[in-house]
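**Student:**
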Amino acid sequence: MNILHSLILGDQGEDLLILHGFLGMGDNWKTYAKRLTAYGYRVHLVDQRNHGRSFWDSNFSYSIMAQDIIEYCSYHNLNNILVLGHSMGGKVAMHLACHHFQLLKGFIVADIAPKKYDPHHQQILNGLSNLDFDKISSRAIADENLSNWVDDASTRQFLLKNLYWKEPGKLGLRINIDVLKNASEAIGKGLDKDAKSNKPCLFLKGQNSDYITDNDHSIIKYHFPNADQLLITKSGHWLHAENPEEFFRVISDWLKKTSFL
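Number 203 in this note's numbering belongs to position 202 of the sequence shown; there are no gaps in the numbering.
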């Protein structure tokens, strides 16, 4: 059995799993994890399959990724957990709440709705899959190559966090790009119509993001009747990075309100 890689911060307290978004990794959330441990949580920064330091596998779907979390929790003897998921990680959190509800105490979803999304990462995926590491000898050269596909420098900086030295003088990607470049349909999949959960939850929208629209509020309530829905101002899809203080205040206030803090 393959168990997801994680970095665990905090020696005791309630277990809170943070699930990163598509092409991310748990390490992106280390600052939040450190702050949450001060509130008495044991925080698990989980790398999902085909991401970070976790195992690679050709099978990739939300039901499979949710099963990965079930097996991770069994391995670490966790139950009654809290989950914070961003984008893809939020979809995994929703799937857990609907199909493995006995494991969760509550969950937070950052800037994603339960609906189907059309593929929209293809330019990024093409850029990453076209990085030729037989010719790329530095992060600067990788960035220059990727700029032919991705204009935004901050997006490239995020993506290139996946670079690592496979061996002296040889760079590679931690993500399994061969699988992920063909995963757009799986990533965009919405919840089944009959998937519902009464678990307490919080859905956060980035003010400048179009991932959650006004029409989605009723969809969220349909699947999750006990959902609170709040806005993070001055932020887009990467709301936790673009307005970190407000993001942390909102999640910590909600955790207090729901007696999870």
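Think of the CB as a built atom: it goes at the ideal place given N, C-alpha and C, for glycine as much as any other residue. Computed from a prediction, not measured in an experiment: that's the story for all the values here.
Quick one: what's Y165 bridged to in DSSP?
**Tutor:** Locating residue 165 in the sequence shown gives position 164, where the first residue counts as 1. Bridge partners of Y165: G173.
**Student:** State the CB to CB distance for the pair W255 and D229, rounded to an integer number of angstroms; the pair is presumed to be in contact (CB under 8 Å).
**Tutor:** Walking along the sequence shown from the start, residue 255 turns up at place 254. Walking along the sequence shown from the start, residue 229 turns up at place 228. Between D229 and W255 the Cβ distance is about 7 Å, and since that is below 8 Å, they are a contact.
**Student:** Specify the secondary structure class of A184 as computed by DSSP and reduced to three states.
**Tutor:** In the sequence shown, the residue the question calls residue 184 occupies position 183. Coil.
**Student:** From this set, D112, Q123, M66, which residue's C-alpha is nearest W150's C-alpha?
**Tutor:** As a position in the sequence shown, residue 150 is number 149, starting the count at 1. Considering only alpha carbons, the answer is Q123.
**Student:** Specify the secondary structure class of G86 as computed by DSSP and reduced to three states.
**Tutor:** Sequence index remark: in the sequence shown, residue 86 carries index 85 (1-based). Note: G86 maps to strand in three-state DSSP.
**Student:** Considering only residues of the same chain and omitting the five flanking positions on each side of F296, which have a CB-CB separation below 6 Å?
**Tutor:** Nothing in the structure corresponds to residue 296, since the chain is present only between 2 and 262.
**Student:** Alpha helix (DSSP H) containing F249: first to last residue?
**Tutor:** On the sequence shown, residue 249 is found 248 positions in, with the first residue counted as 1. Counting along the chain, the alpha helix (DSSP H) containing F249 begins and ends at 245-258.
**Student:** From the DSSP output, in three-state form, read off R43 for me.
**Tutor:** On the sequence shown, residue 43 is found 42 positions in, with the first residue counted as 1. In the structure shown, R43 sits in a strand (DSSP, three-state: E or B).
**Student:** On the three-state DSSP scale, how would you describe D229?
**Tutor:** By 1-based counting over the sequence shown, the position of residue 229 is 228. Looking at D229 - three-state DSSP - the assignment turns out to be strand.
**Student:** Please list, in chain order, all residues of the same chain as K171 whose beta carbon is under 8 Å from its beta carbon, the five residues on each side excluded.
**Tutor:** In the sequence shown, residue 171 corresponds to position 170, counting from 1. If we look at K171 and ignore the five residues flanking it on each side, its Cβ neighbours are F134.
**Student:** So for V110, helix, strand or coil by DSSP?
**Tutor:** Against the sequence shown, residue 110 aligns to sequence position 109. Looking at V110 - three-state DSSP - the assignment turns out to be strand.
**Student:** Can you name, in chain order, every residue of its own chain whose Cβ lies under 7 Å from the Cβ of G91, other than the five neighbours on each side?
**Tutor:** Counting from 1 along the sequence shown, the entry for residue 91 is found at position 90. Excluding sequence neighbours, G91 sits near V110, A111, I113.
**Student:** Tell me which residues share the same chain as E72 and place their Cβ nearer than 7 Å to its Cβ, disregarding the 5 neighbours each side in the sequence.
**Tutor:** Position 71 of the sequence shown, counted from the first residue, corresponds to residue 72. Contacts found: M2, I4.
**Student:** What does the Cβ neighbour count give for A141, buried or exposed, with the cut at 16 atoms within 10 Å?
**Tutor:** Locating residue 141 in the sequence shown gives position 140, counting from the first residue. By the neighbour-count rule (16 or more Cβ atoms within 10 Å), A141 is not buried but exposed.
**Student:** Determine whether the beta carbon atoms of L192 and P115 lie at a separation below 7 Å.
**Tutor:** Numbered from its first residue, the sequence shown carries residue 192 at position 191. Numbered from its first residue, the sequence shown carries residue 115 at position 114. Their beta carbons are under 7 Å apart, which means L192 touches P115 by this criterion.
**Student:** What residue ranges within the region 25-71 form continuous alpha helix (DSSP H) runs of no fewer than 4 residues, ordered along the chain?
**Tutor:** Correct list: 31-38.
**Student:** Enumerate in chain order the residues of its own chain whose CB-to-CB distance from N146 is below 7 Å, with the five nearest sequence positions on each side excluded.
**Tutor:** Locating residue 146 in the sequence shown gives position 145, counting from the first residue. Excluding positions up to five away in sequence, the list reads L132, I137.
**Student:** Pull the bridge partners of E15 from the DSSP assignment, please.
**Tutor:** Stepping through the sequence shown from its first residue, residue 15 is reached at position 14. In the DSSP output, where bridge partners are listed per residue, E15 has Y42.
**Student:** Rounded to whole angstroms, what's the CA-CA distance from W239 to V47? Just pull it up for me.
**Tutor:** Translated into positions along the sequence shown, residue 239 becomes position 238. Translated into positions along the sequence shown, residue 47 becomes position 46. Roughly 18 Å between the two C-alpha positions.
**Student:** From the DSSP output, read off the bridge partner residues of M207.
**Tutor:** For the purposes of this step, residue 207 is taken as residue 206 along the sequence shown, with counting starting at 1. Strictly speaking, residue 207 in this sequence is Gly, with Met absent from that position. According to DSSP, G207 bridges with I233.
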